[in-house]
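Residue numbers for the sequence shown follow UniProt numbering, beginning at 1 and rising by one.
We treat Cβ as the ideally placed atom computed from N, Cα and C, and that holds for glycine.
Notes follow the structure.
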Amino acid sequence: MALKQKSAEAPADAKKRKIVSFAKTDRGVEANECIKIFLVSSQDEVVSKEGFCIDPIGLNQYFGEAGIIYGYKDLKINIWLSTVSFHAYADISYASTADGGKGITDLKPGLENIFGEALLDKNEFLQTFSTESQCVGNIVSAGTVLGCYSLNEDGDSSDAHLSDQSTVEHQIVRMNLHSLPVGLLYSRLVPLTLLLIDGSSPIDVTDPGWHVYFVVKRVRSHSADCDLRLVGFSLIYRFYHHPDNTRLRLSLILVLPPHQGLGHGRRLLESVNAVAVSENVYDLTMEEPSEYLQYLRSCLDTLRMLDFEPIKPAVNTAASSLMDSVSKKPSKSLADPPAHAVEIARQKLKINKKQFLRCWEILLYLNLDPKNLKSMENFRASIAARAERDVLNNDIGVKGKRLIEVPNDYDHDMTFVVYYPLGEDSDEADGRFDDENGADQRKQLNKMIDKRLEEIAEIAERVSLLRS
Numbered sequence: 001m002a003l004k005q006k007s008a009e010a011p012a013d014a015k016k017r018k019i020v021s022f023a024k025t026d027r028g029v030e031a032n033e034c035i036k037i038f039l040v041s042s043q044d045e046v047v048s049k050e051g052f053c054i055d056p057i058g059l060n061q062y063f064g065e066a067g068i069i070y071g072y073k074d075l076k077i078n079i080w081l082s083t084v085s086f087h088a089y090a091d092i093s094y095a096s097t098a099d100g101g102k103g104i105t106d107l108k109p110g111l112e113n114i115f116g117e118a119l120l121d122k123n124e125f126l127q128t129f130s131t132e133s134q135c136v137g138n139i140v141s142a143g144t145v146l147g148c149y150s151l152n153e154d155g156d157s158s159d160a161h162l163s164d165q166s167t168v169e170h171q172i173v174r175m176n177l178h179s180l181p182v183g184l185l186y187s188r189l190v191p192l193t194l195l196l197i198d199g200s201s202p203i204d205v206t207d208p209g210w211h212v213y214f215v216v217k218r219v220r221s222h223s224a225d226c227d228l229r230l231v232g233f234s235l236i237y238r239f240y241h242h243p244d245n246t247r248l249r250l251s252l253i254l255v256l257p258p259h260q261g262l263g264h265g266r267r268l269l270e271s272v273n274a275v276a277v278s279e280n281v282y283d284l285t286m287e288e289p290s291e292y293l294q295y296l297r298s299c300l301d302t303l304r305m306l307d308f309e310p311i312k313p314a315v316n317t318a319a320s321s322l323m324d325s326v327s328k329k330p331s332k333s334l335a336d337p338p339a340h341a342v343e344i345a346r347q348k349l350k351i352n353k354k355q356f357l358r359c360w361e362i363l364l365y366l367n368l369d370p371k372n373l374k375s376m377e378n379f380r381a382s383i384a385a386r387a388e389r390d391v392l393n394n395d396i397g398v399k400g401k402r403l404i405e406v407p408n409d410y411d412h413d414m415t416f417v418v419y420y421p422l423g424e425d426s427d428e429a430d431g432r433f434d435d436e437n438g439a440d441q442r443k444q445l446n447k448m449i450d451k452r453l454e455e456i457a458e459i460a461e462r463v464s465l466l467r468s
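Written out as structure tokens, the structure is:
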């Protein structure tokens with residue numbers, strides 16, 4: 001860097017004056033504010049600076065203190081992520097750099113923490129559109145096709161380049177992540193899971209228990225050429241269940257943003273359900289599903305249970321009980337499902353107990369008249385009773401036990417007493433809200449119950465539309 005040479009001697013009056021100035025504090029810029037990420041499917045989209053802009057979450061966690069980037073003026077980072085090979089290129093521009101007291105943030109480690117070895121320079125990145133154009137097709141061709149389907153994709157922006165003679169088909173392909181090529185492809189997909197799924201983290205691809213279900217779009221032109229593009233994927237783990245069975249756990253489902261809202265997530269979930277039933281696993285569980293994934297799961301499982309004959313008598317009986325007077329023992333829900341209904345649904349539909357109870361509530365709601373105030377009041381009471389047992393760890397109506405904290409000479413947070421009230425009809429039997437935090441606990445519980453009732457009504461409406 002060239003420096004201007006200072007004059008040999010300053011004027012005498014200048015020597016006498018002292019100019020005091022304060023450096024401007026570098027406030028930096030948040031990573032979320034200066035980084036944009038685009039999904040691109042061709043070189044032209046990169047050159048013309050076009051592409052599908054995604055809305056990432058948690059970018060700040062990869063860059064410095066509190067996600068603040070220091071030392072750059074007018075910093076802009078455009079990241080291009082190929083939907084062909086899933087490599088990435090970062091285009092970084094800024095007006096100038098200066099150390100404003102907090103140094104100049106090194107951008108490379110943060111970007112590598114997200115994209116790893118998939119981060120390339122511009123020339124290498126552009127070449128991948130030709131050198132790895134068959135990347136997805138070559139890998140998934142070795143997988144097991146679970147199903148094929150077609151969709152009305154008028155809203156799919158990725159189809160704008162297709163000719164009228166092209167045919168589009170979607171396939172769901174299952175593969176073992178333990179395979180080296182599949183593991184390599186997954187490693188390039190990890191950045192998308194980090195950017196789009198809250199709380200996501202990479203998995204161990206060397207563990208043979210992991211499987212991936214790919215959704216691929218197969219486009220065949222009039223010249224018989226076939227192009228395969230990845231639309232989405234899900235991760236499934238198979239683990240042992242005593243004494244001689246296995247369980248499936250769905251870890252995540254991700255549909256790429258350009259293809260969201262078209263039904264691909266539903267198809268993936270239906271395929272996982274079908275595999276669970278056909279392979280007669282113990283049941284299917286989910287690992288901390290997002291609100292939307294839980295919503296989708298509940299819609300599909302409720303639809304399955306609506307047509308499941310073995311539990312229909314139990315549903316009708318429980319719904320009828322809610323049309324009668326409120327029980328003298330509100331802690332014991334009249335609408336709880338019988339054990340045999342829970343078990344038969346697990347055996348035949350592979351729906352675990354926790355999920356069964358969610359769908360059971362929706363089934364009851366569908367069998368009630370929302371305009372009948374008495375039945376809806378009873379329904380709310382049944383939801384409240386279950387919430388008290390499940391959320392507050394209160395076995396009212398089952399074992400009648402209570403848990404209260406008591407002080408001691410060491411650590412009052414570590415001491416508690418479990419007891420049984422003398423009479424089930426006593427005031428104590430109404431709940432454990434008898435300490436100084438009881439009012440707040442009751443308030444929070446009521447909020448949770450109201451939210452659950454809204455969710456039930458929303459899912460019930462969606463299920464009714466899907467059946468019509």
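Self-check item: Neighbourhood of G183 by C-beta distance below 6 Å, restricted to the same chain and skipping five residues each side
Solution: Cβ-Cβ distances below 6 Å link G183 to L177 and V205 in the same chain, with the five nearest sequence neighbours on each side left out; the list follows chain order.
Self-check item: Three-state class that DSSP yields for H340 in the structure shown
Solution: In the displayed model, H340 falls within a helix according to three-state DSSP.
Quiz prompt | Residue closest to S464, alpha-carbon to alpha-carbon, out of Y365, K447 and Q444 | solution = Of the residues Y365, K447 and Q444, the one whose Cα lies closest to the Cα of S464 is Y365.
Quiz prompt | For V463, three-class secondary structure by DSSP | solution = In the three-state scheme derived from DSSP, where H, G and I count as helix and E and B as strand, V463 is classed as helix.
Quiz prompt | For K350, the nearest candidate out of P338, T302 and A381 (CA to CA) | solution = Among P338, T302 and A381, the Cα nearest to that of K350 belongs to T302.
Quiz item: Under a three-way DSSP split, which group does E287 fall into?
Solution: Here E287 sits in coil by DSSP.
Quiz item: Excluding sequence positions up to five away, which residues of its chain have a Cβ less than 6 Å from the Cβ of D227?
Solution: The residues are V219.
Quiz item: For the candidate residues L268, E455 and L293, whose alpha-carbon lies nearest to that of L146?
Solution: When each option's Cα is compared against that of L146, the closest is L268.
Quiz item: Is it true that the stretch 82-90 meets the stretch 54-72, where meeting means three or more beta-carbon pairs spaced less than 8 Å apart?
Solution: By the C-beta criterion, the stretch 82-90 is judged not to be in contact with the stretch 54-72, since fewer than 3 inter-stretch pairs fall below 8 Å.
Exercise. Check whether the Cβ atoms of D385 and A341 lie closer than 7 Å to each other.
Key: One detail in the question is off: residue 385 reads as Ala in this sequence, not Asp. The beta carbons of A385 and A341 sit no closer together than 7 Å.
Practice problem: Following the continuous beta strand (DSSP E) through R389, name the residue where it begins and the one where it ends. | Solution: Careful: R389 lies outside any beta strand (DSSP E), inside the alpha helix (DSSP H) at L373 to D390.
Quiz item: Is there at least one Cβ from chain B nearer than 7 Å to Y72's Cβ?
Solution: Absent here is chain B; the protein component of the structure consists of one chain.
Quiz item: Taking contact to mean at least 3 C-beta pairs separated by less than 8 Å, is the stretch 232-249 in contact with the stretch 278-292?
Solution: Flag = yes, the stretch 232-249 and the stretch 278-292 touch.
Quiz item: Considering only residues of the same chain and omitting the five flanking positions on each side of residue 543, which have a CB-CB separation below 7 Å?
Solution: As displayed, the chain neither begins before 1 nor continues past 468, which places residue 543 out of reach and without an answer.
Quiz item: When the Cα atoms are used, what is the spatial distance from Y410 to Q441?
Solution: For Y410, the predicted model reports a pLDDT of 47, less than 50, meaning its position is unreliable; a value from the coordinates is still stated below. Each residue's Cα considered, the two are about 26 Å apart.
Quiz item: How big is the Cα-Cα spacing for T193 and P338?
Solution: Approximately 39 Å, taken between the alpha carbons.
Exercise. Hey, could you find the ends of the alpha helix (DSSP H) R220 is sitting in?
Key: Looking at the DSSP string, R220 is not in any alpha helix (DSSP H); the run it does join, the beta strand (DSSP E), is W210 to R220.
Quiz item: Which of helix, strand or coil does DSSP assign to H178?
Solution: DSSP places H178 in coil when its eight states are reduced to three.
Exercise. Take the Cβ of K217 as the centre, count every other Cβ of all protein chains shown within 10 Å, and call the residue buried at 16 or more, exposed below.
Key: When all chains shown are included, K217 counts as buried.
Self-check item: Start-to-end residues for the alpha helix (DSSP H) that takes in T25
Solution: Premise fails: T25 is in no alpha helix (DSSP H) and is neither H nor E.
Quiz item: How do the stretch 264-279 and the stretch 440-459 stand: do at least 3 beta-carbon pairs fall below 8 Å, yes or no?
Solution: As far as the Cβ criterion goes, the stretch 264-279 does not touch the stretch 440-459, which means the pair count is below three.
Quiz prompt | Opening and closing residue of the alpha helix (DSSP H) in which K36 lies | solution = Premise fails: K36 lies in the beta strand (DSSP E), I35 to V40, not in any alpha helix (DSSP H).
Exercise. Provide the residue span of the alpha helix (DSSP H) that contains G110, from first to last.
Key: Looking at the DSSP string, the run of the alpha helix (DSSP H) that includes G110 is L107 to F115.
Self-check item: Best match in Q294, Y94, G137 and R174 for proximity to E458 [C-alpha to C-alpha]
Solution: Nearest option by C-alpha distance: Q294.
Quiz item: In chain order, what residues of the same chain have a beta carbon less than 8 Å from the beta carbon of N138, not counting five sequence neighbours either side?
Solution: Cβ within range, chain order: P181.
Exercise. Give me the Cα-Cα distance between I69 and W80, rounded to the nearest whole angstrom.
Key: I69 and W80 have their C-alpha atoms roughly 20 Å apart.
Self-check item: Per DSSP, cross-strand counterpart(s) of V168
Solution: Paired residue(s): V219.
Exercise. Alpha carbon to alpha carbon, how far is L252 from E309? Give it in angstroms, no decimals.
Key: Computed Cα separation, rounded: 30 Å.
Practice problem: Using a threshold of 7 Å, state whether the C-beta atoms of L262 and L151 are closer than that. | Solution: Taking 7 Å as the Cβ cut-off, L262 and L151 qualify as a contacting pair.
Practice problem: Classify P243 as buried or exposed, calling it buried when 16 or more other Cβ atoms lie within 10 Å of its own Cβ. | Solution: By the neighbour-count rule (16 or more Cβ atoms within 10 Å), P243 is not buried but exposed.
Quiz item: What whole-angstrom Cβ distance do L39 and L195 have, given they're in contact under 8 Å?
Solution: Actually they are not in contact, since the Cβ atoms of L39 and L195 sit about 11 Å apart, beyond 8 Å.
Quiz item: Whose C-beta lies closer than 8 Å to the C-beta of I104 among residues of the same chain, with five residues either side of it excluded?
Solution: The answer, listed in chain order, is Y70, G71, Y72, T97 and A98.
Quiz item: Comparing alpha-carbon positions, which option in S166, R174 and V46 lies nearest D121?
Solution: Of the listed residues, the one whose Cα sits closest to D121 is V46.
Quiz item: Alpha carbon to alpha carbon, how far is S41 from F214?
Solution: Here the alpha carbon of S41 sits roughly 18 Å from the alpha carbon of F214.
Quiz prompt | Secondary structure of T193, DSSP reduced to three states | solution = Under the three-state reduction of DSSP output, T193 falls in the helix class.
Self-check item: Distance between D74 and V29 (C-alpha atoms, nearest Å)
Solution: Those two C-alpha atoms are separated by around 9 Å.
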